[in-house]
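Protein chains in written order, with our numbering: chain A, 1 to 306; chain B, 1 to 157; chain C, 1 to 360.
Quick reminder that beta carbons are idealized off the backbone N, C-alpha and C, glycines included.
Bear in mind that the values here come from a model prediction, so they are computed numbers and not experimental data.
Presented below is the structure to which this report refers.
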Amino acid sequence: MVPFRLLVYPGFLFLFFCAMLFSWLDRRIIARVQGRVGPPWYQPLADFIKLLTKEDVLTTGAHALASSVLPMVSLVSVLTAALYVPVAGVSADSFDGDLIVVLFLLSMPALTYFLAGWVSVGVYSIIGGHRSLLQYFSYEVPFLIALAGPAVLSGSWRIADIIAYQGHTIWGALTQPLGFLLAVVGLIGKLKRDPLDIPKAKSEVVGGPLTEFSGRKLALWHLALDMQTVVGIFLLVNLFLGGSRFLTGLPAFPVFALKALGVLLMLSLASALYARLRIDQLATLGSRWLAPLALLQVAVVLWMRG
Amino acid sequence: MELVKDVTEMRARVLATFAEAFPGQDFETREIPTDDVVITLPAGNVVAAVGALSEKLGMTHLTTITGDDMGDEIRLLYHMWHGCGLTLEVKLPLTDPRIATLTEQIPGATMYEREISDMFGVVFDGHPDLSRLLLPDSWDGPPPMLKSSDGAKEDQV
Amino acid sequence: MTKTTVPIGPQHPLLKEPMSFQLGLEGERVAESAMRIGYVHRGIERLCQERSYVQNIYLLERVCGICSHVHATTYSRAVEALMGVEVPPRGVYLRALMCEFERIHSHLLWLGVIARNIGFDTIFNYAWRDREIVLDIMEDLSGGRVSHAANTLGGSRFDLTDEHRDKILEQLQIMDAQIQLLLGAVEHERTLRERTRGIGKLTLEQIHRYCVVGPVARASGLDIDLRRDRHEAPYDRLEFAVPVHTDGDVWARTLVRVQEAVESVSLCRQILNSLPEGPVTTRVPRRVPAGEAISRSEAPRGEVIYYVRSDGSDKPARVKVRTPTLTALVTLSEQLADVQMADVSVVLSGVDLCIACADR
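If you want it as structure tokens, here you go:
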């Protein structure tokens, strides 16, 4: 069973499928909001395959080894994190404290992203890299605190336990609405999506840290980011929306899928409805509002636990 | 901002200002369509004239400067607008055309003067930066808007 | 702190215009900037001296890819003044109609560009979708979406039937609703305001100093609009407001431009509803008598001036064009001083640069 769980469901193949699907849905939803049609369903896959076949160009002065290893590290840490995030209650592995490991692994891409800018030697890459670090400190703190809420409430740092706890009480999003919203905002920052796509804002720093990447490496970067989206959404569904549980008797998988799509819809709408913030505006927002509010939420949770 | 009503009033007010600023001098004027007065000045008087206009009449809007190679001289036309048009005309010799810069009175003249320096080779004394504006840095021919220039060669296009 | 030099342009996703900037950055702050234009200098002024008066109309349309009609109109007016020809009222109205459509087109295009640059793709898509309505109307009228070739010496080259007019009025109805929607979005959307407010500030004093014209000047409190201030036909018989704001930042420029587009829709309606009967062109003499003429109009980006000198031959002796972008370019180094790297795109797009205009 373990190889199947690692490679097929809920492992690599399933995640790959979800990454393509979510990426397509995201583009489609945004297009609809903007009065466009949007791409056909196979577009993300076609983009991926096309990038794989493209020439791999390395800029002069760039570190060859580092620039090939970094996208892989990014992808691998996302995939490893995915092992502990249950999909409809099924996960490849689970142990006490796996939430902390997942959070750590999900921060890895941010680091590799910064390093990617650093090793590829280009002004836009380096500025983008700096920005990604600054952004990291703005969203990561509130994100971590917000995710600590459900764990503290259920008294366990094991994702499966948190789901179970919500099963016999109510959804985390209902007990901690603020924490849920902050987690969504943090996730947007983590995924560098509009309106927090500051490190890779096209009209400011071209492609950010990934400006000088091409071919297979770029494809891996994109895949890692798309998979991170999927894992992040699944994590929020598990921690805040009660995983696959919704009224007893309903089948687990469709319920889980619907909730995940709901979170995706939130992300897409946020992309479509807001202008990009500036890095200093995000830093102010993070330190003045997001982090204190997250702390407030945890305080409320502690009070609720009595 | 009080605008001048028509060309007649413009001519009268500008000439009155100039009579005060340059006593004893006569200025040749003409009206051209659609609503402009052209006043011809000696090349040395432009800076003082613009200064007097902005001080007395509040005219600070320099629309542009036109350079024109008349064949025997270069004409510079300083187009201003203040309800109706006023154009100050200056004639410069073809060889070594020089004139004082307007950029101190009107910083907005920077681009116009650079363009004329590109296209007609007029030197604006005192201009902070007369580098190329429109022509490529590698341009080594004569100023292309002069009648004596035969334009760009094949390899310069 | 070490300085990084960031090249922007002549090809760069930030700036869809062929100009180049060298920005000296300290961290994210712009410490110095150097600008270079001239990449699309086509020598149009010199070319004008080698073509006939009529050919020049269509050459001068190519000065700008957005406000092509206003260039042709202004030039034609100068030549007509030299010839002493009066354009029949219907021709004047039709020219103005096209100019107003062009203004809507230009401002919506600009709104899309700035929205795109601050990462607001929804407004970008909406603005550019609605722009299509105007482009369609212009194509219907003249056969061209961007270069209309709608002018000739002595009048307009297109005419309207009544059915045609009713159809355009219908399209304008849709346009009106869409623009109001955009105006509402621009006025009330918070992130858009946050990104544009206080950016690229120009005081009224700076506007005077640099002789800036058009929406940029009006956003800084300079109440100037040649359509109104020159009392020229047909604007002296139409009712329109000139939006003026005093903040002087990109936010104010956004408001000025979108409100101007609203006014232009109303102007188009008024023109269509009060279109005089009669011919659209008049006969013009074969020769242009020697002389000179200056003609000015209010293009979407501000004052355009044409100086035309004729020596009596069949080609003009000198045609001088000054486009509004050239005035805004001078202010850029001041606007860019001390802004964040992220705001460079907002500043640059905020003044609505048209480098093809500036280069000629």
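Chain A residues whose Cβ lies nearer than 7 Å to that of Ala293/C: Along the third sequence, one-based indexing puts residue 293/C at 293. Those within 7 Å of Ala293/C in chain A number zero; the least Cβ separation is about 42 Å.
The segment 237–250 of chain C in contact with the segment 262–271 of chain C per 3-pair CB rule at 8 Å: As far as the Cβ criterion goes, the segment 237–250 of chain C touches the segment 262–271 of chain C, which means the pair count is three or higher.
Cβ contact check for the segment 126–144 of chain A and the segment 181–198 of chain A: 3 or more pairs under 8 Å: Three or more Cβ pairs drawn from the segment 126–144 of chain A and the segment 181–198 of chain A lie within less than 8 Å of each other, which places the two stretches in contact.
Option in Lys190/A, Ala81/A and Ser203/A with minimal Cα separation from Ala275/A: Counting from 1 along the first sequence, the entry for residue 275/A is found at position 275. It is Ser203/A.
Beta-carbon spacing of Leu77/B, Thr66/B below 8 Å: Locating residue 77/B in the second sequence gives position 77, where the first residue counts as 1. Locating residue 66/B in the second sequence gives position 66, where the first residue counts as 1. It is a contact, given that the beta carbons lie within the stated cut-off.
For Trp81/B, the residue or residues it bridges with in DSSP: Locating residue 81/B in the second sequence gives position 81, counting from the first residue. Its beta-bridge partners are Gly85/B.
Member of Gly112/C, Pro18/C and Asn151/C whose CA lies at the smallest distance from the CA of Ile183/C: Looking up residue 183/C in the third sequence gives position 183. Looking at the sequence provided, one finds Leu at residue 183/C rather than Ile. That would be Gly112/C, whose Cα lies nearest to the Cα of Leu183/C.
Identity of the residues DSSP links to Val321/C by a beta bridge: By one-based count along the third sequence, residue 321/C stands at place 321. Per DSSP, Tyr306/C.
CB contact flag (Ala31/C, Met98/C, <8 Å): Translated into the one-based positions of the third sequence, residue 31/C becomes position 31. Translated into the one-based positions of the third sequence, residue 98/C becomes position 98. No, the Cβ-Cβ distance between Ala31/C and Met98/C is not below 8 Å.
Three-state secondary structure assigned by DSSP to Thr196/C: Translated into positions along the third sequence, residue 196/C becomes position 196. It is helical.
Leu53/B vs Asp229/C beta-carbon contact at 8 Å: Translated into positions along the second sequence, residue 53/B becomes position 53. Translated into positions along the third sequence, residue 229/C becomes position 229. Taking the C-beta atoms as reference points, Asp229/C is found no nearer than 8 Å to Leu53/B.
Residues of its chain near Val152/A, where Cβ-Cβ distance is below 6 Å and the 5 sequence neighbours each way are ignored: Numbered from 1 along the first sequence, position 152 holds the residue referred to as residue 152/A. So the list reads Val301, once near-sequence residues are dropped.
Residue-chain proximity (Pro209/A, chain C), Cβ-Cβ < 8 Å: Here residue 209/A refers to the residue found at position 209 when the first sequence is read from its first residue. At least 8 Å separates the CB of Pro209/A from every CB of chain C.
Per-residue contacts from Tyr53/C into chain B (C-beta, under 8 Å): Position 53 of the third sequence, counting from 1, holds the residue named residue 53/C. Going along chain B, no residue has its Cβ under 8 Å from Tyr53/C, so there is no contact; the nearest lies around 15 Å.
Members of the segment 106–123 of chain C near chain A, C-beta cut-off 9 Å: Cβ contacts with chain A: Ala115, Arg116, Asn117, Ile118, Gly119, Phe120, Asp121, Thr122 and Ile123.
Residues that Val6/C contacts on chain A, provided the C-beta gap is smaller than 9 Å: Residue numbering aside, residue 6/C sits at position 6 when the third sequence is read from its first letter. The answer, in chain order, is Val123, Tyr124, Ile127 and Val205.
Entirely enclosed alpha helix (DSSP H) segments - the segment 123–186 of chain A, minimum 4 residues: Assignment of alpha helix (DSSP H) within the segment 123–186 of chain A, counting only whole runs of 4 or more residues, yields 123–154, 159–168 and 172–175 in chain order.
For Phe120/C, the three-state DSSP class (helix, strand or coil): Counting from 1 along the third sequence, the entry for residue 120/C is found at position 120. Phe120/C: coil per DSSP, three-state reduction.
Residues of the segment 326–343 of chain C with Cβ closer than 7 Å to any Cβ of chain B, in chain order: Within the segment 326–343 of chain C, the residues whose Cβ lies closer than 7 Å to some Cβ of chain B are Leu326, Thr327, Leu329 and Val330, listed in chain order.
N-terminal and C-terminal residue of the beta strand (DSSP E) that Met35/C is part of: The residue given as residue 35/C occupies position 35 in the third sequence. Unbroken beta strand (DSSP E) run through Met35/C: Arg29 to Arg36.
Touch test, the segment 7–24 of chain C against the segment 64–73 of chain C, Cβ-Cβ under 8 Å, three pairs minimum: The answer is no - the segment 64–73 of chain C does not touch the segment 7–24 of chain C, with fewer than three Cβ pairs under 8 Å.
Contact list for the segment 10–37 of chain C against chain A, Cβ threshold 9 Å: Per Cβ criterion, the list reads His12, Pro13, Leu14, Leu15, Leu25, Gly27 and Glu28.
Alpha carbon of Tyr139/A to alpha carbon of Ser107/A, nearest angstrom: Within the first sequence, residue 139/A is the residue found at index 139, counting from 1. Within the first sequence, residue 107/A is the residue found at index 107, counting from 1. Tyr139/A and Ser107/A have their alpha carbons spaced roughly 11 Å apart.
According to DSSP, residues forming a beta bridge with Val6/C: Position 6 of the third sequence, counting from 1, holds the residue named residue 6/C. Assignment of beta-bridge partners to Val6/C by DSSP yields Leu23/C.
Identity of the residues DSSP links to Arg190/C by a beta bridge: Numbered from its first residue, the third sequence carries residue 190/C at position 190. Beta-bridge pairing links Arg190/C to no other residue.
Nearest candidate by alpha-carbon position, reference Lys320/C, set Ser310/C, Ala328/C, Leu329/C and Asp314/C: Stepping through the third sequence from its first residue, residue 320/C is reached at position 320. Comparing Cα-Cα distances from Lys320/C to each of Ser310/C, Ala328/C, Leu329/C and Asp314/C, the minimum goes to Ser310/C.
Contacts that Pro144/B makes with chain C (C-beta to C-beta distance below 8 Å): Counting from one through the second sequence, the residue named residue 144/B turns up at place 144. Within 8 Å of the CB of Pro144/B, the CB atoms of chain C belong to Gly43 and Arg46, in sequence order along the chain.
Inter-stretch contact at 8 Å, needing at least 3 Cβ pairs: the segment 172–183 of chain A / the segment 285–305 of chain A: Taking 8 Å as the limit for Cβ pairs, the verdict is that the segment 285–305 of chain A does touch the segment 172–183 of chain A.
Those residues which DSSP pairs with Leu76/B across a bridge: Numbered from its first residue, the second sequence carries residue 76/B at position 76. Note: Leu76/B sits in a beta bridge opposite Gly67/B and Val90/B.
Validate contact between the segment 93–108 of chain A and the segment 165–172 of chain A using beta carbons, cut 8 Å, 3 pairs: Short answer: they don't touch.
Under 7 Å by beta carbon: chain C residues contacting Leu77/B: What you label residue 77/B is simply residue 77 of the second sequence in a count that begins at 1. Going along chain C in sequence order, the residues near Leu77/B (Cβ under 7 Å) are Tyr307.
7 Å Cβ cut-off: residues of chain C touching Ile29/A: As a working mapping, residue 29/A is identified with position 29 in the first sequence. In chain order: nothing, as chain C lies at least about 12 Å away.
Interfacial residues, the segment 189–200 of chain C to chain A, with Cβ spacing under 8 Å: Taking 8 Å as the Cβ-Cβ cut-off against chain A, the residues of the segment 189–200 of chain C that qualify are Glu189, Thr191, Leu192, Glu194 and Arg195.
Amino acids of chain B, ordered along the chain, whose beta-carbon sits closer than 8 Å to that of Asp229/C: Numbered from its first residue, the third sequence carries residue 229/C at position 229. Scanning chain B for C-beta atoms nearer than 8 Å to the C-beta of Asp229/C yields Leu3 and Gly83, reported in chain order.
Nearest-angstrom beta carbon gap, Ala252/C and Ala219/C [assumed within contact, 8 Å]: Taking the third sequence and counting its residues from 1, one reaches residue 219/C at position 219. Taking the third sequence and counting its residues from 1, one reaches residue 252/C at position 252. About 4 Å separates the two Cβ atoms, so the contact holds.
Cβ separation of Thr24/B and Ile294/C, assumed to be a contact under 8 Å, to the nearest whole Å: Taking the first residue of the second sequence as 1, we reach residue 24/B at position 24. Taking the first residue of the third sequence as 1, we reach residue 294/C at position 294. According to the sequence shown, residue 24/B is Gly rather than Thr. Actually they are not in contact, since the Cβ atoms of Gly24/B and Ile294/C sit about 30 Å apart, beyond 8 Å.
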